[in-house]
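Protein chains in written order, with the working numbering: chain A, 7 to 424; chain B, 7 to 424.
Okay, structure coming up:
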């Protein structure tokens, strides 16, 4: 599929993240207005509440878009998702008859503040990238025992904390936590000294389910994707995670990019999962290409200094697709709801410069990386800004994700001071 | 504090679970009516929506009780919680002036269906009972290494799945899952054969928080308590839980008792945590008695047969209080919301008959327990009904919890059949 031309000129640049082929969904406000649904097109945002109010877009009897979340649209199901995309395409395509009516409803992105695009119902994080699992396992258990015995059979996941999910741009406060190094006699309560990122994709559940669902059904239930940074306190994690998994190490914040890129926009970029080393059980088997070819990048900018790209990788490096993760999530009968967010797990590639966390990039702090500024990093330092970028490259166009940005603020001096 | 006399005669029985001293909060409906808030008093329920409608109870400008959850009341904060309790006590006390107006608003419990008493925001489950942790650790790692190194320093917890929390009476379907026994060559997908209960208390967060909070603040933020049965598929858990903790093993269902017993009702029963083997760090230290003396019991009834009491224990056996768990939960800055539910962890006592799970009672299936019917059990069998009971014994009165009941249905023959 080539670039689809829009009458919004900026959308026709082959490198622009938001061409007519994309149409990602966000929530925005401008000075003095309430957050509401919007669709990115080029440098502009189509005010969906205004488009609905004016009657240009009307999918259901009740309004769907004058709210600060896309959950109401998701609730309507895939036929309505498709109808909306069709209508948006018709309104914004080059030569559209209703251009005159639509144009006044466009708001420059430069004037908008972006908010969380949906209400996160519950948040689950997976550990489904093989290079990442192998790297981390090697550091802790050696290469022979790097992958846990179950790893090639199920997408390992754990429940995260939905209340800690924030939109790109939210500043992140370095957490305190209980820490105990291997040579310490006893634990202490102190700021995390090994605070890290994890480069992930987030899949958003758009259709609820009750009992177990197949991989095919799971794929159909996914509404769209965002970039996701699973901020991780490695030192808190090391002390707390046995035997029941990460808890406070992962609950300070998880940042997501502000635009939901729909599954429909990503269709041309579907790819297969890698060859299987062991055959999956039937209920988890691939039934079509369910990963996506999305180029990913992480940059780190020290306070007041330019950014260095510290990793480049691709979502197609994952071992399990989000559809497989969602199918596994339901095997026990676990009910899934609209707005559930599934983190893919850290997306590392096979090479050293394609690792999606500082833990891997600096090999546990033993091999600090060098920034373009000449500084080195083992983990994040106060004032550093971390940015995740994602783009699928089409034939003369780009499907961009909108950056996922977070700056690390220093820990509070006394977290209990009021 | 002695029994407080009510004009509702049944509430004055010293053994009745719902005297005027209790006043637990639930959600009920009667034939042809919508679920709404109610307060148990003796054998009756005070219809709170009707009491508010009539003007007998009016705490805020907006109505709080004509909804199927108590979250709106919780949102108002502790001063309003106290005002409600005071008003209810005045209306229901023996000799109350407004008895004539209140009496028509009482609904017999026998005619009511009980629903989930609140909307669960997120659900966290802890592992904070020492006898349970020691028993389980001994089974898996031997008595020398039974407790993980962190166990005496932090209340170990993991995030559960709020979507799977159900009210007492909901039937539970035996789950399918990926299983691999120690002697199996490869995993298989099959119904769980080691399905179990966990006897717990659930603490309900009534006040939201943003940054770290102290144990004292955490205690103030708790609204009330329920009984909680954390249904657990031991065979799914054994295969999946390394390295990131339990996931599908715990997501089939978690049952709670239908009445929220408020912290105010439990005040006379506060007890200290047990002596510490190692000193806790300051931010987790006890600052007053924050456990409760609540007698607990589990019964098992095979299909169509009488129940056998399989365990008796007490909430005061816990090593960490819910306040300590909640304080720990916030150390990293994790935001907590109204309606968050914290499972205490399995409450086992020091003796064999005080163990809060079949895993412990049957010692991993090696020592099946004998029921009064003559049958034996290692784990739950299809058709078994499991009931948790809880009561604090006062001076001539009882603070009861309302039973937490669940019957196990057989696994679906084909979980993917539609």
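Heads up, the beta-carbon is just placed ideally off N, CA and C, and yes, glycines get one too.
The structure presented is a predicted model; accordingly, all values stated were derived computationally and were not measured.
Counting along the chain, where does the alpha helix (DSSP H) carrying residue 84 of chain B start and finish? Residue 84 of chain B: member of the alpha helix (DSSP H) spanning 84-98, first to last residue.
Leaving aside the five residues before and after residue 32 of chain B along the sequence, list all residues of the same chain whose C-beta is less than 6 Å from its C-beta, in chain order. Answer for residue 32 of chain B: 44, 120, 123, 264 and 265, listed in chain order.
Give me the DSSP bridge partner(s) of residue 237 of chain B. Per DSSP, none; premise fails for residue 237 of chain B.
Please classify residue 106 of chain B: is it buried, with 16 or more other beta-carbons within 10 angstroms of its beta-carbon, or exposed? In this structure residue 106 of chain B is exposed. Its beta-carbon is surrounded by fewer than 16 other beta-carbon atoms within 10 angstroms.
Opposite residue 184 of chain B in the DSSP bridges: which residues? Looking at the DSSP output, residue 184 of chain B bridges to B/195.
If we ignore side chains and look at the alpha-carbon of each, how far apart do residue 307 of chain B and residue 390 of chain B end up? Their backbone Cα atoms lie some 6 Å apart in a straight line.
On the CB-based measure, 16 or more other CB atoms within 10 Å of its CB, does residue 186 of chain A come out buried or exposed? A residue is called buried once 16 or more other Cβ atoms fall within 10 Å of its Cβ, and residue 186 of chain A is buried on that count.
What residues from chain B crowd round residue 159 of chain A, counting only those whose CB sits closer than 7 Å? Within 7 Å Cβ-Cβ: 184 and 193.
Residue 225 of chain B beta carbon less than 8 Å from that of residue 329 of chain B: Between residue 329 of chain B and residue 225 of chain B, the gap from beta carbon to beta carbon is short of 8 Å.
Using a cut-off of 8 Å between C-beta atoms, extract the partners of residue 326 of chain A located in chain C. Protein chains in the displayed structure are A and B, and chain C is not among them.
Mapping DSSP to helix, strand and coil, what is residue 349 of chain A? Strand.
Taking residue 257 of chain A and residue 246 of chain A to be in contact with their CB atoms under 8 Å, please state how far apart those CB atoms are, rounded to whole angstroms. No, residue 257 of chain A and residue 246 of chain A are not in contact; Cβ-Cβ is about 11 Å, not under 8 Å.
Rounded to the nearest angstrom, how far is the Cβ of residue 425 of chain B from that of residue 317 of chain B, given a contact under 8 Å? The requested residue 425 of chain B does not occur in the structure, where chain B is confined to residues 7 to 424.
Residue-chain proximity (residue 176 of chain B, chain A), Cβ-Cβ < 8 Å: Using a CB distance cut-off of 8 Å, residue 176 of chain B does not count as an interface residue toward chain A.
Quick check on residue 342 of chain B - is its C-beta less than 8 Å from some C-beta in chain A? Closer than 8 Å: yes.
Among A/356, A/83, A/58 and A/410, which has the Cα closest to the Cα of residue 73 of chain A? Closest option to residue 73 of chain A, Cα to Cα, is A/58.
Sheet register partners of residue 301 of chain B (DSSP bridge): DSSP lists B/320 and B/397 as partners of residue 301 of chain B.
When the Cα atoms are used, what is the spatial distance from residue 12 of chain A to residue 299 of chain A? Those two C-alpha atoms are separated by around 24 Å.
At what residues does the beta strand (DSSP E) containing residue 290 of chain B begin and finish? Segment: none, residue 290 of chain B is in no beta strand (DSSP E) and carries neither H nor E.
To the nearest angstrom, report how far apart residue 305 of chain A and residue 18 of chain A are at their CA atoms. Distance between the alpha carbons of residue 305 of chain A and residue 18 of chain A is about 26 Å.
Using a C-beta to C-beta distance shorter than 7 Å, which residues of chain B count as neighbours of residue 251 of chain A? For residue 251 of chain A, the residues of chain B that pass the 7 Å Cβ criterion are 164, 250 and 251, in the order they occur in the chain.
Give me the chain B residues within the contact set of residue 361 of chain A, using Cβ-Cβ distance strictly less than 7 Å, ordered along the chain. Under the 7 Å cutoff, chain B gives no residues; its nearest Cβ is about 19 Å from residue 361 of chain A.
Checking 8 Å against the spacing of the C-beta atoms, do residue 182 of chain B and residue 197 of chain B come in under that value? Contact check for residue 182 of chain B against residue 197 of chain B passes: the beta carbons are separated by less than 8 Å.
Residues in the same chain with beta-carbon distance under 8 Å from residue 251 of chain B, minus the five sequence neighbours each way, listed in chain order, please. Excluding five sequence positions before and after residue 251 of chain B, the CB atoms of its chain that fall closer than 8 Å to its own CB belong to 164, given in chain order.
Just mark residue 151 of chain B as buried or exposed, buried being the case when its beta carbon has 16 or more other beta carbons within 10 Å. The residue is exposed, with fewer than 16 neighbouring Cβ atoms inside 10 Å.
Does the CB of residue 240 of chain A have a neighbour CB from chain B at under 8 Å? Output row for residue 240 of chain A: interface = no.
Could you check whether residue 261 of chain B and residue 172 of chain B sit closer than 8 Å to each other, using their CB atoms as the reference points? Using a Cβ distance threshold of 8 Å, residue 172 of chain B and residue 261 of chain B count as a contacting pair.
In the DSSP output, which residue or residues are listed as bridge partners for residue 277 of chain B? Its beta-bridge partners are B/297.
Taking the beta strand (DSSP E) that residue 130 of chain B belongs to, which residues open and close that run? Its beta strand (DSSP E) spans residues 129-132.
Any C-beta of chain A under 8 Å from that of residue 115 of chain B: Chain A, which has no Cβ nearer than 8 Å to the Cβ of residue 115 of chain B, makes this no.
Exposed or buried, residue 338 of chain B, counting other C-beta atoms within 10 Å across all chains shown (16 or more means buried)? Counting of Cβ neighbours within 10 angstroms places residue 338 of chain B among the buried residues, the total reaching 16 or more.
Taking only the alpha-carbon atoms, compute the straight-line gap between residue 38 of chain A and residue 115 of chain A and give it to the nearest angstrom. Just so you know, the alpha carbons of residue 38 of chain A and residue 115 of chain A end up roughly 15 Å apart.
Compute the distance between the beta-carbons of residue 220 of chain A and residue 333 of chain A, then report whether it is under 8 Å. In this structure, residue 333 of chain A lies closer than 8 Å to residue 220 of chain A by Cβ.
CB contact below 8 Å: residue 217 of chain A versus chain B: True, the Cβ-Cβ gap to chain B drops below 8 Å.
CA nearest to the CA of residue 336 of chain A, picked from B/281, B/422 and B/415: From the listed residues B/281, B/422 and B/415, the smallest Cα separation to residue 336 of chain A is found for B/422.
Residue 402 of chain B: buried (16+ other C-beta within 10 angstroms of its C-beta) or exposed? The residue is exposed, with fewer than 16 neighbouring Cβ atoms inside 10 Å.
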